Amino acid sequence: MNMMQRAAYYHIDFSNILIMPAYLCQFWLGMNSDQFYDLLNCIPSLAGQVPNATIALSIYLVKLRTGDSNERLATLFNKSRVTLERLMNKARECLINEFVPLYLGFNHLTVEDVASRNRIIPEGLFGNPDLPPNSKPAIVICDATYVFIQSSSNYLFQKQTYSLQKLDNLVKPFMIVSCDGHIVDCLGPYKATSNDASITSLNLCNEESCLRSFFRRGDIFILDRGFRDVINELQRYGFVAHMPESLLENEHQLTTQQANRSRFVTMCRWVVEVVNGRVKRDFRLFRHVFNNRAALHLKNDFRISCALINKFHVVIENPPEALEYVRIPKDRLSLENHLATYVEQANLNRRRVNFQMINSNNPHLDRFPQLTITDLKRLALGTYQLKQATSYYGEHIRQTGIYSIEVNNTLDDDVPLILGLNNYLLRGRIKSRHVNSRTYHTYLLISRDDAVANTLDTIVGYCCSCLIGK
Numbered sequence: 001m002n003m004m005q006r007a008a009y010y011h012i013d014f015s016n017i018l019i020m021p022a023y024l025c026q027f028w029l030g031m032n033s034d035q036f037y038d039l040l041n042c043i044p045s046l047a048g049q050v051p052n053a054t055i056a057l058s059i060y061l062v063k064l065r066t067g068d069s070n071e072r073l074a075t076l077f078n079k080s081r082v083t084l085e086r087l088m089n090k091a092r093e094c095l096i097n098e099f100v101p102l103y104l105g106f107n108h109l110t111v112e113d114v115a116s117r118n119r120i121i122p123e124g125l126f127g128n129p130d131l132p133p134n135s136k137p138a139i140v141i142c143d144a145t146y147v148f149i150q151s152s153s154n155y156l157f158q159k160q161t162y163s164l165q166k167l168d169n170l171v172k173p174f175m176i177v178s179c180d181g182h183i184v185d186c187l188g189p190y191k192a193t194s195n196d197a198s199i200t201s202l203n204l205c206n207e208e209s210c211l212r213s214f215f216r217r218g219d220i221f222i223l224d225r226g227f228r229d230v231i232n233e234l235q236r237y238g239f240v241a242h243m244p245e246s247l248l249e250n251e252h253q254l255t256t257q258q259a260n261r262s263r264f265v266t267m268c269r270w271v272v273e274v275v276n277g278r279v280k281r282d283f284r285l286f287r288h289v290f291n292n293r294a295a296l297h298l299k300n301d302f303r304i305s306c307a308l309i310n311k312f313h314v315v316i317e318n319p320p321e322a323l324e325y326v327r328i329p330k331d332r333l334s335l336e337n338h339l340a341t342y343v344e345q346a347n348l349n350r351r352r353v354n355f356q357m358i359n360s361n362n363p364h365l366d367r368f369p370q371l372t373i374t375d376l377k378r379l380a381l382g383t384y385q386l387k388q389a390t391s392y393y394g395e396h397i398r399q400t401g402i403y404s405i406e407v408n409n410t411l412d413d414d415v416p417l418i419l420g421l422n423n424y425l426l427r428g429r430i431k432s433r434h435v436n437s438r439t440y441h442t443y444l445l446i447s448r449d450d451a452v453a454n455t456l457d458t459i460v461g462y463c464c465s466c467l468i469g470k
């Protein structure tokens, strides 16, 4: 039974949301009845423009929620396509004029409000938690997302919207998000040939854009490497910009300090990825390819969706271990990775003679530390890497259930004494997540000392041959 048949079966009455079962209300509208009428009260002018404001708003929300064609929605609401589109346009117009300014844009909050949304981890790593609230720097995360559109017979438009990276036509809304996931503003959408740096530079130089005037000197931007060409420009205007480090000339791996500083950024940047995911999760319209006719109101649809998320979605809270997640990386920022140095000096990535495959005759995994989930989260500084472990394991496991791990049970005498003596070294080969032809070596130095068994102290050191593996 498809969605339309289910709707007919349950006799959904969109003219009276209060009598609709709660699960159907959430399924079709993406909100409960109280939230629906709260939203309806935000656009009072709609009632004077259409016969039934509840129906008009429901049509628009179902369109965002499902992404179904207007022809299919017309059968659901028992209206002609022309009438349905007219009601949808009225609802969109009222939402963009009356609702969106209240919940999205540089005018719906102050920079102090943005600073009050700072969370413990980004503020502990990049800000100053001891400053009074009115002088704390605002911390925001920026990134562009994608909405795919149809190819066009307008050759100029076709060239501007074709992405050589995605091999498809798309436009890029540009998101500016606070640390708790609240969307400060959504700029654009911009053409596919624009990158993050050029979009930011355009808004810094554009007097009509509020990006430069809204933020204060000393406010903090957390960015990815796509912004590297605009970092100096941001700093000229007095802003503080942080992004992952790039390789030095003739180097194949970041230094330990560079890798640690890069991890500071990735510990905070995930918020904007979550928000981008929410838009396409909650509003299926943006998962689909916009046809050229519908693309005329893509900008308004996307801004309305962002405003709806701001109003109704819960914000991201501090994890219970937030203070510890700040303390651990700051304490380890300047520490040398002695195991990585030893692996490099001993050229272990190219040596096999000292390593043996783990099997029934060499059962070192029987002594492998069994850590609690709390210790694992402390080791990984959160849950992201733990969630990735299943995917990495699934890519490497063979059909026979065998996973290749090697052990060096007799470490050379030149192992730094700081790493201890009673240890054994595990080595695994991990395929790159992004490049199919690339494989990395990962190393784990494990202590045999029974006094620290099954604790974090069992793990003496670890490193990887990837870009940020030190």
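According to the numbering used here, the sequence shown holds residues 1 to 470 in order.
Ideal placement from N, C-alpha and C gives every residue a C-beta, glycine not left out.
Only a predicted model underlies this, so the values are computations on that prediction, with no experimental measurement involved.
Asked	Found
Spatial neighbours of Glu-71 in its chain, beta-carbon cut-off 7 Å, leaving aside the 5 residues before and after	Arg-81
Distance, Gln-370 Cα to Phe-148 Cα	45 Å
Endpoints, the beta strand (DSSP E) within which Tyr-443 is located	439-447
Separation of Leu-386 from Ala-340, as counted between CA atoms	22 Å
Any C-beta of chain D under 9 Å from that of Met-175	Judged by its chain identifiers, the structure shown contains no chain D, having just a single protein chain.
Phe-99 and Ala-307 closer than 9 Å at C-beta	yes
Validate contact between the stretch 55-75 and the stretch 19-31 using beta carbons, cut 8 Å, 3 pairs	yes
Supposed contact pair Val-230 and Ala-192 - C-beta distance, whole angstroms, cut 8 Å	In fact, because the Cβ distance is near 18 Å, the residues do not count as touching under 8 Å.
C-beta atoms of Val-140 and Ile-220 nearer than 9 Å	yes
Span of the beta strand (DSSP E), counted from its first residue to its last, around Arg-351	From DSSP, Arg-351 is part of no beta strand (DSSP E); its letter is neither H nor E.
Glu-112 versus Arg-216: straight-line alpha-carbon distance, rounded	10 Å
Sequence-distant residues of its chain with Cβ nearer than 7 Å to Asp-180 (five each side left out)	Arg-117, Arg-119, Val-315 and Ile-316
Extent of the continuous beta strand (DSSP E) run through Arg-429	423-431
Collapsed DSSP secondary structure at Ala-346 in the structure displayed	coil
Backbone secondary structure at Lys-191 - three-state DSSP	strand
Sequence ranges, alpha helix (DSSP H) only - wholly within the stretch 73-111, length at least 4	81-94 and 100-103
Beta-carbon proximity list for Glu-85, same chain, < 8 Å, skipping 5 on both sides	Asn-70
Other residues of its chain near Phe-106: CB distance less than 6 Å, five sequence neighbours each side excluded	Asp-185, Cys-210 and Phe-214
Counted within 10 angstroms of its Cβ, other Cβ atoms place Ser-15 as buried (16 or more) or exposed	exposed
Continuous beta strand (DSSP E) stretch holding Ser-178: start and end	168-178
Cβ neighbour criterion (16 or more within 10 Å) applied to Tyr-103	buried
Nearest candidate by alpha-carbon position, reference Pro-244, set Gln-253, Gly-238 and Tyr-237	Gln-253
Own chain partners of Phe-302 with C-beta closer than 8 Å, once the 5 adjacent residues on each side are dropped	Val-147, Pro-173, Cys-186, Pro-189, Val-279 and Phe-286
First and last residue of the uninterrupted alpha helix (DSSP H) at Cys-25	22-29
Span of the beta strand (DSSP E) around Ile-222	220-222
CA-to-CA distance, Thr-200 to Phe-227, given in whole angstroms	8 Å
For His-242: DSSP bridge partner residues	Ile-222
Separation of Ile-96 from Ile-300, as counted between CA atoms	The residue you asked about is not Ile; residue 300 is Asn in the sequence shown. Roughly 7 Å separates the two Cα atoms.
Thr-383 versus Leu-24: straight-line alpha-carbon distance, rounded	32 Å
Under the three-state DSSP convention, the category Cys-464 falls into	strand
When Met-357, Lys-311, Ala-389 and Ala-322 are compared against Asp-34, the one with the closest alpha-carbon	Lys-311
Residues that DSSP places opposite Ala-144 in a beta bridge	Phe-174
Beta-carbon gap between Leu-381 and Asn-408 smaller than 9 Å	no
C-beta atoms of Met-267 and Ile-121 nearer than 9 Å	yes
Where Glu-123 sits in the DSSP three-state scheme	helix
Contacts around Phe-126, its chain only, beta-carbon distance under 8 Å, and the 5 residues preceding and following it disregarded	Ile-139, Ile-220, Ile-222, Val-240, His-242, Phe-264 and Cys-268
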